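Per this note's numbering, the sequence shown starts with residue 16, numbered consecutively.
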Amino acid sequence: MKKPLSHSIGNRAESLLQLYFSDWICNPLKNDYGNDYHITVVDNEKVTGYQFLVQLKGTQKLSVTKDYLKYDIETKYLKYYQHQFLPYFLSFFYLLAFR
Numbered sequence: 016m017k018k019p020l021s022h023s024i025g026n027r028a029e030s031l032l033q034l035y036f037s038d039w040i041c042n043p044l045k046n047d048y049g050n051d052y053h054i055t056v057v058d059n060e061k062v063t064g065y066q067f068l069v070q071l072k073g074t075q076k077l078s079v080t081k082d083y084l085k086y087d088i089e090t091k092y093l094k095y096y097q098h099q100f101l102p103y104f105l106s107f108f109y110l111l112a113f114r
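Here's what the structure looks like:
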C-alpha cells in the first residue's frame, strides 16, 4: 500500500498552518465542505472574538512570478467563499521540493 504524495503535501500544509497560527486558536473542521479551519484571534493572551475561516491548499502546482501567483479554482467555489458570514481566506502553502 502506498501513501499518495498529495496526502503528504496536505499533512505538511496543515502542520505549517497550525505553526503559523500557533498563538491563536486554530480549530480544524472535520466535515469541512470547503472550510478547513476556524481561527480565533488572540492578542496578548486575550481572546478577541475576531474569527475567520481558512481553506487550506497545499500544492506543488502553483505558478509564481515576482508579481503574482496563479492557482486554478472553479468559480462555484469562489461564489461559495464569497457568501460566508465570517471573513474567508484561501491559504496556499507552496511546497517546492517536498517528497
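We put the CB at the ideal spot given by N, CA and C, even for glycine. Being a predicted model, the structure only gives us computed values, none of them experimental.
Taking a contact to mean a Cβ-Cβ separation below 7 Å, would you say residue i touches residue j in this structure?
{"i": "N50", "j": "L68", "result": "yes"}
{"i": "T55", "j": "I40", "result": "yes"}
{"i": "Y48", "j": "L77", "result": "no"}
{"i": "L101", "j": "Q70", "result": "no"}
{"i": "Y103", "j": "Y96", "result": "yes"}
{"i": "Y52", "j": "P43", "result": "yes"}
{"i": "V38", "j": "V57", "result": "The sequence shown places Asp at residue 38, not Val. Yes, the Cβ-Cβ distance between D38 and V57 is below 7 Å."}
For residue i, which residues from the same chain have a beta carbon less than 6 Å from its beta carbon, with the 5 sequence-adjacent residues on both sides left out?
{"i": "K72", "result": "F107"}
{"i": "Q33", "result": "C41"}
{"i": "Q75", "result": "L110"}
Report the partner residues of residue i according to the DSSP bridge assignment.
{"i": "Q99", "result": "Note: Q99 sits in no beta bridge, so no partner."}
{"i": "T55", "result": "I40, Q66"}
{"i": "T74", "result": "Y109"}
{"i": "L84", "result": "V79"}
{"i": "K61", "result": "D58"}
Give every residue of the same chain whose Cβ lies closer than 7 Å to the Cβ of residue i, excluding the five residues on either side of it in the sequence, and list them in chain order.
{"i": "G25", "result": "G73"}
Please list the terminal residues of the continuous alpha helix (DSSP H) segment that includes residue i.
{"i": "E29", "result": "20–35"}
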